[in-house]
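Heads up, the thing below is written out as structure tokens.
There are 2 protein chains.
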Amino acid sequence: MDVKTLCLGVLSRADASGYEIKKAFEEGPFRHFHQASFGSIYPALNALSAEGLVEVRALAQDKRPDKKIYSLAPKGRNALLAALMTNPAPDAVRSDFLFILSFAQYLPPARVEQLINARIAWYREMLTRMEGCTSEDPAGARFVRGIGIAVYRAAADYLESHRDELLAAIGDGDLQVAE
Amino acid sequence: MDVKTLCLGVLSRADASGYEIKKAFEEGPFRHFHQASFGSIYPALNALSAEGLVEVRALAQDKRPDKKIYSLAPKGRNALLAALMTNPAPDAVRSDFLFILSFAQYLPPARVEQLINARIAWYREMLTRMEGCTSEDPAGARFVRGIGIAVYRAAADYLESHRDELLAAIGDGDLQVAE
DNA sequence: GGTTGCATGTAAATGGTTACATGATTGT
DNA sequence: ACAATCATGTAACCATTTACATGCAACC
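So the sequence lines, in the order shown, correspond to chains G and E. Residues in the first sequence are numbered from 1 upward in steps of one, following our numbering. Residues in the second sequence are numbered from 1001 upward in steps of one, following our numbering.
What follows is the structure, encoded as structure tokens:
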């Protein structure tokens, strides 16, 4: 699923500028399972526009570049639907956090503790935000948010309830630098 | 965290060939949070070898290319430790599954149901494998496996207990192709 | 007879990110 | 003064994947 399709998805929810689409990937509901930067969003939007999948209207603003508001064209809606009907590629998770923790026994316990605590705090903050979200989203978005909440809560709970066990297991042995 | 560091991590657990490292990312414990293909592993191994971070010994085999067994050199161990002490980049999840589900209301319920059922089956299979893993792993690996089990279980349970609710919400409205 | 597994490697193509360029406004 | 927010866009760079090249053995 490329950035073009992702943009169509965002636009299906509401008209938006490139800048606003970027925010959807930074702060919006998509942030948890997809990401895109300006360098990919702006060219994608231009391509979509050239293909007639989206429409643009320029919104003049004082002392700022015109804001280009994109909206989904009927052809774009069909393209999105077609993409939604393809088999999803397997999920890809890249977590340096889990990779590092896999080698906890080589690390100073203080570092492991700090890593885990920071992660718990992050999950709890996300949970507060996601649970406080009382907007009447469409059914799909509500369902996906529910998965996110369930998963983040499970992860935070596990970290909290097993942290001390891990810390005890790796003891207070120092960082073992060979040589 | 690049493929070179990932390879050092795999080699810290046991000596391995490029082919075996690939398997660690396909079937091993790392598969859930990092991935790498031959096209990146083999060059990485050559670079690590040139830098003196790993050592190679060729294992002759009949009717097959020599198997090159790599092992972590002291310099490599230090490089790994240094990498483990850096701040982990934020987790990056790419899930077409969740993206597609976000738009469940546009899709035929049968498709949504099939998508969810397949995913539940996948989680349950992974859980069986992970729970059946009774090896005496180091503390870090055990802890990380515990997180994986907790998270997959939470996801599978949520999907199972909210599937019918979602299906009911999207009704039996047909695929809405505009125009 | 075709696929899968073993085993290594390269080159081209991909699909992005990062950094740069520009610039006013608002907050600290 | 400095950073952040708003706003768009390009180009260089990057890491990685995909496809190719090679070839035998075992299984179905």
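Even glycine gets a Cβ: it sits at the ideal position worked out from N, Cα and C. Quick caveat, the model's predicted, so the values are computed rather than measured.
Item: S17/G and I69/G closer than 8 Å at C-beta; Value: yes
Item: Meets three-Cβ-pair contact criterion under 8 Å: the region 1059-1079 of chain E and the region 1001-1011 of chain E; Value: yes
Item: P109/G at chain E interface by Cβ criterion, 8 Å; Value: no
Item: Below-8 Å beta-carbon distance, G132/G vs any chain E residue; Value: no
Item: Cutoff 8 Å: F25/G Cβ touching any chain E Cβ; Value: no
Item: Cα-Cα separation between A1036/E and E131/G, rounded to whole angstroms; Value: 35 Å
Item: In DSSP terms, what S71/G is bridged to; Value: E55/G
Item: Whether D1091/E touches F97/G by CB criterion (8 Å); Value: yes
Item: Collapsed DSSP secondary structure at R94/G in the structure displayed; Value: strand
Item: Contact set between the region 1083-1106 of chain E and chain G, restricted to residues whose Cβ is under 9 Å from the partner; Value: A1083, L1084, M1085, T1086, N1087, P1088, A1089, P1090, D1091, A1092, V1093, R1094, S1095, D1096, F1097, L1098, F1099, I1100, L1101, S1102, F1103, A1104, Q1105, Y1106
Item: Alpha carbon of A82/G to alpha carbon of F25/G, nearest angstrom; Value: 22 Å
Item: Alpha-carbon spacing of E1179/E relative to K75/G, whole angstroms; Value: The predicted position of E1179/E is uncertain, since its pLDDT is 49 and thus under 50; no value can be drawn from it.
Item: Presumed contact (8 Å Cβ cut-off) between Y123/G and Y152/G, rounded CB distance; Value: 5 Å
Item: Length of the line joining the Cα atoms of G1140/E and V93/G; Value: 19 Å
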